[in-house]
Each structure stands twice: as C-alpha cells, then as structure tokens.
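Trainee:
There are 2 protein chains.
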Amino acid sequence: MIYEDYEIFTPGPVKMSKEILEIGSKQTPYFRNKEFSNVLLSCEKDLLELLNAPKNSRVIFLTASGTAGLESVIMNLFTKNDNAIVINGGGFGQRFVDISESYNINYKEEIVKNSNLLNISETINAKGFNTFIVNAHETSVGHLYDLDAIGKFCKENKLLNIVDAISMFVTDEIDMQKQNIDTVILSSQKGLGLPPGLTMVVLNEKAISRVQTINSHYFNFKNYLSDGVRGQTPYTPCVTIILQLEAKLKQIIKDGGIEVSIQKAKELASYFRKQIKDLPFKEYTPFMPNAMTTLTPTNDNSASDIVNILENDYKIMVCPNGGELKDKIFRVSHMGDMQKSDIDNLVNALNKI
Amino acid sequence: MIYEDYEIFTPGPVKMSKEILEIGSKQTPYFRNKEFSNVLLSCEKDLLELLNAPKNSRVIFLTASGTAGLESVIMNLFTKNDNAIVINGGGFGQRFVDISESYNINYKEEIVKNSNLLNISETINAKGFNTFIVNAHETSVGHLYDLDAIGKFCKENKLLNIVDAISMFVTDEIDMQKQNIDTVILSSQKGLGLPPGLTMVVLNEKAISRVQTINSHYFNFKNYLSDGVRGQTPYTPCVTIILQLEAKLKQIIKDGGIEVSIQKAKELASYFRKQIKDLPFKEYTPFMPNAMTTLTPTNDNSASDIVNILENDYKIMVCPNGGELKDKIFRVSHMGDMQKSDIDNLVNALNKI
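Protein chains in written order, with this note's numbering: chain A, 272 to 624; chain B, 272 to 624.
Written out as structure tokens, the structure is:
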C-alpha cells in the first residue's frame with residue numbers, strides 16, 4: 272500500500288488510533304436492524320453532548336465528504352427570503368461563497384484578513400441579514416476565528432449561526448449553547464481521527480425549523496431527520512466509519528470529555544511550536560488553532576521543497592499548499608492520535624534540514 | 272463491535288476478504304499527490320477493462336452510497352429535451368422513478384412483473400424517447416433483466432442506455448460494448464466486497480457528451496471528469512475504500528478476469544440452490560442473478576421468522592424484506608468473498624430449522 276510506513280501530519284487524513292484501525296479490519300455488519308440503530312443513536316447522543324447542543328438538537332449523518340456538508344446546509348436551510356453573511360478568509364471560505372452563488376441564495380461576502388473577528392461588531396454590518404456562515408478554522412492557511420465573538424454578534428443581530436467546524440472539533444473549543452451556534456458541520460477524517468467518508472450536520476431546533484422541502488434525495492434533510500428518529504439513514508451509510516465513530520466518541524468521553532481532548536491538542540501544538548522556536552520558521556498567523564500549525568520559512572528555503580524533503584528523505588508527510596502560497600507556507604496538523612514522540616520525529620527531521 | 276462473529280449473507284454489506292480487511296487496518300495516507308493519483312488512475316483503468324468499456328470511457332468516483340449514483344446521473348445527463356423510459360420492477364426501480372419525478376425530467380414508467388425483458392421490443396414502445404434507465408438486478412426481490420435484449424433494443428431505438436449495475440457487477444455479465452451500455456452505476460459494498468461508501472459512475476463518450484453544466488458542486492460530473500484526468504477528485508475521497516478497490520480489481524484480473532469472477536459466483540449460486548432443493552422453499556423468481564437467491568417458504572413458515580431464527584440461534588445474517596413481502600421472502604447473497612463452506616453453514620442451519 273502507498274505510504275504504508277510514513278508518519279502523517281496532514282490536516283486530514285490524520286493518524287488514527289489502534290482501536291479505530293482494528294474496527295477497520297473487521298467485517299462490516301448488516302445495518303437495517305436494531306443493533307445498528309443503537310450505534311447511530313449513541314453517536315448522535317455523544318456528538319450532541321460533546322458540542323453541548325441544546326435540547327432537541329439532531330444530527331444528520333451523510334455518507335460524503337465535507338463539501339457535501341456545506342452544500343447540503345445551503346440547499347436545505349435557505350428560501351428566497353433568507354440571506355447570509357459569508358466569511359471568506361481563504362480557500363474554504365471561498366467554497367462557501369461559490370456554493371452560495373451556485374444556489375442563487377442572497378448573500379454578501381466578507382473577505383477577512385489578519386483578523387479573527389474578535390471585533391466583528393465593529394467591522395461587519397448585519398443589517399438586513401438573517402444568517403451567518405463561517406468556517407471556524409480556515410484550514411487552507413490555519414486561521415481560527417473567535418467563535419465567542421461571532422456567537423455574541425449573531426445573538427445581537429438575530430442571525431442563524433452556521434459553523435463549519437470540520438477542522439477544529441475536539442481540538443479547539445466549540446460549544447453550541449455558550450457560543451450561540453445553530454448549525455455545525457463535522458467530518459470524520461479530522462480531529463475525530465477516522466477515515467474520510469462521513470460528514471455530520473448538527474442542527475438545533477431553530478435550524479431544524481429552517482429545513483425546507485427540496486428536490487434532492489441524497490441531501491434531503493427532512494428524510495434524514497425522520498429516519499434518524501429510529502437510528503437509521505435513508506440510504507446505505509458508511510457503516511464501518513460509523514462504528515469507528517461510536518468507539519471514538521466513547522473514548523473521548525471516557526478520557527474526560529471534550530475539555531481533556533482540547534487540552535491534549537493544545538499541549539501538543541504548544542510543544543511543537545516551542546520545539547521549533549530556534550529553527551528558521553515563523554508562524555504564518557497569530558490566530559492559530561490547536562488543530563494545526565502553519566509555518567513560513569524565514570530564510571530562502573522554499574516551503575514546497577521542505578515538504579518534498581520530509582517526504583522523500585524522512586518518510587514524513589506534512590501538508591503543502593498550492594498556488595501563490597506554494598513556496599511560502601506548509602502545514603503541520605496536530606489532529607488525530609498524535610503523540611509527543613511523533614512531533615519529536617518531525618522536529619528532528621526539520622532540524623536536519 | 273456488533274455482529275463481530277456473525278456470518279453475513281446480506282446483499283450489501285457482504286463478506287470481505289482478508290486482504291481487503293488488512294487494508295482497512297492501515298493508516299489512511301495523504302492523497303493530494305502523484306502516488307494516490309496513480310491509485311485512482313489504476314482503478315479507473317481496471318474498472319473500464321472489467322466492463323469492456325469502449326475507448327475514451329471514464330469513471331467518476333463519488334464518496335457516497337448508491338442512490339447518489341442514480342441521482343447524480345439524472346442531475347447531470349438530462350436537459351428538457353431529453354426523456355427516459357424508466358423500468359420499475361420493485362423498490363430500486365421505484366427509486367429511479369421517484370428521482371426522475373423530483374428533477375422534473377420527462378419520463379415514462381414501465382412497470383415490469385414476471386419478465387426479464389427478453390421480449391422488450393414487443394412490449395415497450397420507445398417512440399419519442401432518447402434514454403433508457405434500468406437497474407439490471409432489482410435487488411429488492413432478486414430479479415435480473417436481460418441486458419443483451421435491452422442493449423439491442425436501445426441500439427435499434429437510439430436510446431442512451433443507463434444501467435444501475437450495483438448489485439450484479441463481477442457476479443453477473445455486464446459488457447458495455449457487447450450490450451451497448453452507455454452509463455454504468457456501481458457501488459463498493461456489493462460484488463466488489465468492500466465497505467460501503469464509494470459509488471462509481473462509468474460514462475462512455477456518448478454519455479460524456481450528454482453531461483450538462485449544473486448547480487451542484489458535490490455531484491458536478493464536469494469537475495470530476497476534469498480532475499480525474501490527473502487521478503484526483505474535487506473533494507476528499509474515501510481514500511481507504513479506494514485503496515481497497517485497487518487491491519480488489521487487481522485480484523480479479525490476476526485470478527483470470529471478469530469471466531472467472533462471474534463463473535465463481537454462478538457456481539456458488541448453483542451450489543446453494545442445489546443444496547436446498549429438498550427444503551420447503553421455492554425460488555421467488557425464475558430470473559435470478561448469480562448475485563443472490565430469493566426464497567419463499569412453501570410451508571406455513573414466515574420468512575421473517577426464519578431470518579430472526581438464523582440471526583438469534585445460528586449467528587447468520589440473511590436479508591429480510593419489509594412491507595407486504597415481509598413474511599413471504601428472504602434473500603441470500605452470493606456476493607463478496609463467499610466460499611462453499613459458508614454456504615454449508617447456512618444450509619446446515621436451514622436444515623435444522
């Protein structure tokens with residue numbers, strides 16, 4: 272298999288734990304029965320607990336990757352009378368803009384640079400809008416927005432708050448009640464440390480009341496909500512990944528809950544950032560999440576060359592960027608089953624380069 | 272894990288081979304690089320070979336379940352000037368009808384009972400239509416249509432021939448050139464014996480020329496076709512299942528190709544059907560595929576009770592039906608990594624019941 276003995280520091284896929292891999296090595300069970308329903312219901316309950324979701328919130332389990340989460344939310348929650356402020360701070364913000372454009376929803380794009388939106392009330396005018404869309408961690412550059420400030424802003428301006436938390440759930444704080452979040456989009460191959468293929472959309476009561484009747488079958492939230500009551504999905508789900516999700520959520524809760532998980536990611540990120548302090552890199556943004564560190568070489572080295580040397584000479588995969596950032600930055604994920612020893616290996620390699 | 276030590280005879284998920292499970296136990300590699308592109312290109316090449324696809328055919332790899340394949344084909348290949356004959360012989364035919372209805376395409380539904388469409392030229396009038404849609408194996412009851420006759424009919428009437436081959440690929444014959452098929456829909460968790468989560472749409476040149484510009488991002492064939500040239504997908508694919516697909520396709524080719532695979536399934540199906548000849552069951556339809564056997568109890572036993580006894584007393588999962596067929600039929604799959612010894616276990620249990 273390709274890259275079988277490589278260490279992986281990319282922001283999805285991420286390193287998975289032995290327990291998760293063991294489930295991947297087992298036969299996929301039949302799923303149209305009570306036993307699998309219980310698994311799905313348990314996943315829903317645990318996800319809502321970890322997000323501190325308000326009562327009567329629900330989870331939609333889509334067999335699909337993250338973009339399907341963004342797109343299905345736009346498809347299901349908007350009528351011609353709704354309109355959204357869409358935050359665009361990079362590639363994934365741009366994707367939300369593109370999808371909004373394709374579906375012809377009313378939106379205004381807010382391009383954000385060098386800000387984590389802490390001062391959002393002073394910089395963005397919400398007049399005439401009823402929805403707010405943001406990807407909490409703009410993964411293309413490693414930029415985390417301030418969900419506390421955004422939540423306060425959405426509450427004051429009565430905006431439905433839609434948060435793509437794909438690259439920050441379980442490594443950085445997200446709390447639906449405290450941060451006034453109505454919709455959360457999650458994927459399997461990030462902080463949860465599972466294989467790619469599962470995307471989850473979490474809706475509170477306010478968001479559920481916005482769900483429309485739409486043409487789409489595969490992304491029809493009404494059907495998912497209705498079948499989900501008995502722990503089923505309208506179409507064959509990615510059963511194995513859902514079994515892995517069940518195990519992962521139980522493990523997080525057993526280990527002390529979301530705070531412990533976030534604390535662990537924070538320590539790993541700090542550890543890495545300290546270890547490379549004397550190397551010729553600077554942090555690309557002051558608003559980094561625990562999930563990831565984005566580095567810029569401070570000497571003449573090309574970021575892209577460093578990525579290639581790590582891969583070819585050290586069997587270590589960090590994440591390159593494309594386009595104009597190709598030579599300027601590379602990204603190091605702290606998501607998944609990461610240990611200090613993994614970071615030591617990476618730091619040793621960086622020291623040698 | 273649920274059903275860890277059960278034998279599985281459901282028509283998806285199916286029993287997987289050791290080699291496939293071993294890949295499931297490995298870290299998911301990063302995929303935005305040449306090495307993974309080569310994997311995807313190899314999958315495309317091998318799939319096209321096994322389908323005997325004409326030159327310049329292409330494969331779209333969707334991280335999604337089978338219904339997304341049906342729906343995306345309807346979304347991408349139809350304009351207001353196109354119209355389709357949709358075969359409906361059960362639950363999955365009905366799904367194609369429902370999707371056609373939702374997208375407001377011009378179609379006529381042909382309800383088919385007690386026929387494998389061998390005499391299609393005499394029974395269906397194609398005048399005024401340009402597209403034909405059929406699910407080759409109507410899995411809800413285990414009914415296989417005659418793809419040779421359908422292909423001839425489509426050629427004579429200049430119909431674009433769209434075949435959902437989800438539950439018959441690699442167990443029953445499908446040949447794009449010989450059977451004049453323009454579009455094939457496949458899924459991972461059936462004959463290929465992989466976990467659920469991957470759906471493939473195969474298009475020949477004629478079908479590619481029908482691909483429209485559409486609003487959808489996640490199901491936008493134009494983007495998949497364009498990124499696919501370099502072995503990539505627009506959004507994070509289900510990397511692990513694709514690596515499993517690569518291994519499976521190479522194995523089929525190494526073992527002698529699609530004919531050998533079909534022959535093996537045929538022998539297993541015959542073996543099972545012979546073994547149960549003296550038991551109080553009859554075959555539900557004379558048009559059974561190699562992929563599956565559908566049985567009706569000939570005494571007073573309820574099919575649903577038999578399914579439950581097999582599960583509870585023998586740790587064997589066969590497939591129940593719902594609705595009015597609940598007590599009348601149950602289904603036994605021969606897809607996946609099935610051996611005669613597996614069938615012996617099931618037959619022994621049926622003998623005891």
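Virtual Cβ for every residue (Gly too), placed ideally from N, Cα, C. Values in this document were obtained by computation on a predicted structure and should not be read as measured data.
Residues in the same chain with beta-carbon distance under 7 Å from Ser288(A), minus the five sequence neighbours each way, listed in chain order, please.
Mentor: Translated into positions along the first sequence, residue 288(A) becomes position 17. Closer than 7 Å at the Cβ level, and outside the excluded window around Ser288(A), lie Gly464 and Asp608.
Trainee: Using three-state DSSP, classify Tyr495(A) as helix, strand or coil.
Mentor: Position 224 of the first sequence, counting from 1, holds the residue named residue 495(A). In the structure shown, Tyr495(A) sits in a helix (DSSP, three-state: H, G or I).
Trainee: Do we get a CB-CB distance below 8 Å when we pair Phe440(A) with the residues of chain B?
Mentor: Taking the first residue of the first sequence as position 1, residue 440(A) is located at position 169. Judged by the 8 Å Cβ criterion, Phe440(A) is not in contact with chain B.
Trainee: At the level of alpha carbons, what is the spacing between Gly594(B) and Ser575(B)?
Mentor: Counting from one through the second sequence, the residue named residue 594(B) turns up at place 323. Counting from one through the second sequence, the residue named residue 575(B) turns up at place 304. Distance between the alpha carbons of Gly594(B) and Ser575(B): 11 Å.
Trainee: Return the bridge partner residues of Pro505(B) from the DSSP annotation.
Mentor: Start at 1 with the first residue of the second sequence, and residue 505(B) comes out as number 234. Residue pairing from DSSP leaves Pro505(B) without any beta-bridge partner.
Trainee: Would you please verify whether the beta carbon of Ile273(B) is less than 8 Å from any beta carbon of chain A?
Mentor: The residue labelled residue 273(B) in the question sits at position 2 within the second sequence. Chain A, which has a Cβ nearer than 8 Å to the Cβ of Ile273(B), makes this yes.
Trainee: So, does the CB of Leu566(A) fall closer than 8 Å to a CB anywhere in chain B?
Mentor: Residue 566(A) sits at position 295 when you count from the first residue of the first sequence. Judged by the 8 Å Cβ criterion, Leu566(A) is not in contact with chain B.
Trainee: Taking Cβ positions only, does Thr344(B) come closer than 8 Å to chain A?
Mentor: Walking along the second sequence from the start, residue 344(B) turns up at place 73. It should be pointed out that residue 344(B) corresponds to Val in this sequence rather than to Thr. Output row for Val344(B): interface = no.
Trainee: Is there a C-beta anywhere in chain A that falls below 8 Å from the one on Phe307(B)?
Mentor: On the second sequence, position 36 is the one that residue 307(B) refers to. Yes, Phe307(B) lies at the interface with chain A (some Cβ there is under 8 Å from its Cβ).
Trainee: Just mark Glu409(B) as buried or exposed, buried being the case when its beta carbon has 16 or more other beta carbons within 10 Å.
Mentor: The sequence position of residue 409(B) within the second sequence is 138, counting from 1. That one is buried.
Trainee: Which value, in whole angstroms, describes the spacing of the CA atoms of Thr402(A) and Lys384(B)?
Mentor: Taking the first sequence and counting its residues from 1, one reaches residue 402(A) at position 131. Taking the second sequence and counting its residues from 1, one reaches residue 384(B) at position 113. The straight-line gap from Cα to Cα measures roughly 50 Å.
Trainee: Give the DSSP-derived three-state secondary structure of Ala355(A) in the structure shown.
Mentor: To locate residue 355(A), count along the first sequence from 1; it is residue 84. Reduced to three states, the DSSP call for Ala355(A) is strand.
Trainee: Mapping DSSP to helix, strand and coil, what is Lys599(A)?
Mentor: Locating residue 599(A) in the first sequence gives position 328, counting from the first residue. In the structure shown, Lys599(A) sits in coil (DSSP, three-state: anything other than H, G, I, E or B).
Trainee: Ends of the beta strand (DSSP E) at Leu333(B)?
Mentor: The residue labelled residue 333(B) in the question sits at position 62 within the second sequence. From DSSP, the beta strand (DSSP E) with Leu333(B) extends over Arg329 to Thr334.
Trainee: Under the rule that 16 or more other beta-carbon atoms within 10 Å means buried, what is Ile382(A), buried or exposed?
Mentor: Taking the first residue of the first sequence as position 1, residue 382(A) is located at position 111. Only exposed fits Ile382(A), as fewer than 16 other CB atoms lie within 10 angstroms of its CB.
Trainee: Is the separation between the beta-carbon of Ser604(B) and that of Ala562(B) shorter than 8 Å?
Mentor: The residue given as residue 604(B) occupies position 333 in the second sequence. The residue given as residue 562(B) occupies position 291 in the second sequence. It is a contact, given that the beta carbons lie within the stated cut-off.
Trainee: Give me the Cβ distance between Phe302(B) and Leu469(B), rounded to the nearest whole Å; I'm assuming they're in contact under 8 Å.
Mentor: Residue mapping note: residue 302(B) aligns to position 31 of the second sequence, counting from 1. Residue mapping note: residue 469(B) aligns to position 198 of the second sequence, counting from 1. Contact flag wrong, Cβ pair sits at about 14 Å.
Trainee: Under DSSP, the beta strand (DSSP E) around Tyr542(A) begins and ends at which residues?
Mentor: Residue mapping note: residue 542(A) aligns to position 271 of the first sequence, counting from 1. Where Tyr542(A) is concerned, there is no enclosing beta strand (DSSP E), although the alpha helix (DSSP H) it sits in stretches over Ile529 to Gln546.
Trainee: Can you say whether Val330(A) is buried or exposed, counting buried as having 16 or more other CB atoms within 10 angstroms of its CB?
Mentor: As a first step, residue 330(A) is located in the first sequence; it is residue number 59 there, counting from the start. Val330(A) is buried by the Cβ-count criterion.
Trainee: Taking Cβ positions, are Leu514(B) and Val310(B) nearer each other than 8 Å?
Mentor: Stepping through the second sequence from its first residue, residue 514(B) is reached at position 243. Stepping through the second sequence from its first residue, residue 310(B) is reached at position 39. In terms of Cβ geometry, Leu514(B) and Val310(B) form a close pair [threshold 8 Å].
Trainee: Restricting to runs no shorter than 3 residues, where is the beta strand (DSSP E) found entirely within the segment 385 to 420 of chain B?
Mentor: 402 to 406
Trainee: In the DSSP assignment, find the unbroken alpha helix (DSSP H) run with Lys286(A) in it and report its ends.
Mentor: Here residue 286(A) is taken as the residue at index 15 of the first sequence, counted from 1. It is not in any alpha helix (DSSP H) - Lys286(A) carries neither H nor E in the DSSP assignment.
Trainee: Roughly how many angstroms separate the alpha carbons of Thr299(B) and Pro466(A), rounded to a whole number?
Mentor: For the purposes of this step, residue 299(B) is taken as the residue at position 28 of the second sequence. For the purposes of this step, residue 466(A) is taken as the residue at position 195 of the first sequence. Distance between the alpha carbons of Thr299(B) and Pro466(A): 6 Å.
Trainee: Do we get a CB-CB distance below 8 Å when we pair Lys586(A) with the residues of chain B?
Mentor: Against the first sequence, residue 586(A) aligns to sequence position 315. With 8 Å as the cut-off, Lys586(A) does not count as an interface residue toward chain B.
Trainee: Which residues of chain A have a Cβ atom closer than 8 Å to the Cβ of Glu293(B), listed in chain order?
Mentor: Walking along the second sequence from the start, residue 293(B) turns up at place 22. Listed along chain A, the residues sitting closer than 8 Å to Glu293(B) by beta-carbon distance are Ser296.
Trainee: Please classify Val310(A): does DSSP put it in a helix, a strand, or coil?
Mentor: For the purposes of this step, residue 310(A) is taken as residue 39 along the first sequence, with counting starting at 1. DSSP places Val310(A) in the helix class (H, G or I) of the three-state scheme.
Trainee: Indicate whether Ile587(A) and Tyr277(A) have their beta-carbon atoms separated by less than 8 Å.
Mentor: Indexing the first sequence from 1 puts residue 587(A) at position 316. Indexing the first sequence from 1 puts residue 277(A) at position 6. The answer is yes: Cβ separation under 8 Å.
Trainee: Along the segment 371 to 389 of chain B, what residues have a CB closer than 9 Å to any CB found in chain A?
Mentor: Flagged, chain order: Ser373, Tyr374 and Asn375.
Trainee: Rank Gly295(B), Leu319(B) and Lys426(B) by C-alpha distance to the C-alpha of Phe440(B) and give the top, closest one.
Mentor: Numbered from 1 along the second sequence, position 169 holds the residue referred to as residue 440(B). Here the closest residue by C-alpha is Leu319(B).
Trainee: With 8 Å set as the bound, which would you pick, yes or no: does the beta-carbon of His408(B) sit closer than that to a beta-carbon of chain A?
Mentor: The residue given as residue 408(B) occupies position 137 in the second sequence. Taking CB atoms only, His408(B) has no neighbour in chain A less than 8 Å away.
Trainee: Let me check one thing: in DSSP terms, what residues is Cys590(B) bridge-paired to?
Mentor: By 1-based counting over the second sequence, the position of residue 590(B) is 319. The partner list for Cys590(B) (beta bridge, DSSP) reads Arg602(B).
Trainee: Pick out whichever of Pro551(B), Glu372(B), Glu315(B) and Tyr542(B) has its Cα sitting closest to the Cα of Val455(B).
Mentor: Indexing the second sequence from 1 puts residue 455(B) at position 184. Just measuring C-alpha positions, the residue of Pro551(B), Glu372(B), Glu315(B) and Tyr542(B) sitting nearest Val455(B) is Glu315(B).
Trainee: Would you mind sorting Glu342(A) into buried or exposed? The rule is 16 or more other CB atoms within 10 Å of its CB.
Mentor: Position 71 of the first sequence, counted from the first residue, corresponds to residue 342(A). Glu342(A) is buried by the Cβ-count criterion.
Trainee: Quick one: Cα of Val368(A) to Cα of Phe349(B), how far?
Mentor: Along the first sequence, read from residue 1 onward, the residue named residue 368(A) stands at position 97. Along the second sequence, read from residue 1 onward, the residue named residue 349(B) stands at position 78. C-alpha separation (whole angstroms): 27 Å.
Trainee: Return the residue from the list Ile404(A), Asp613(A) and Ile279(A) that minimises the CA-CA distance to Gln379(A).
Mentor: As a first step, residue 379(A) must be located in the first sequence, where it is residue number 108. This sequence places Lys at residue 379(A); Gln is not what is there. Out of Ile404(A), Asp613(A) and Ile279(A), Ile404(A) has the C-alpha closest to the C-alpha of Lys379(A).
Trainee: Any contact between the segment 503 to 510 of chain B and the segment 385 to 395 of chain A? By contact I mean 3 or more CB pairs, one from each, below 8 Å.
Mentor: Flag = no, the segment 503 to 510 of chain B and the segment 385 to 395 of chain A do not touch.
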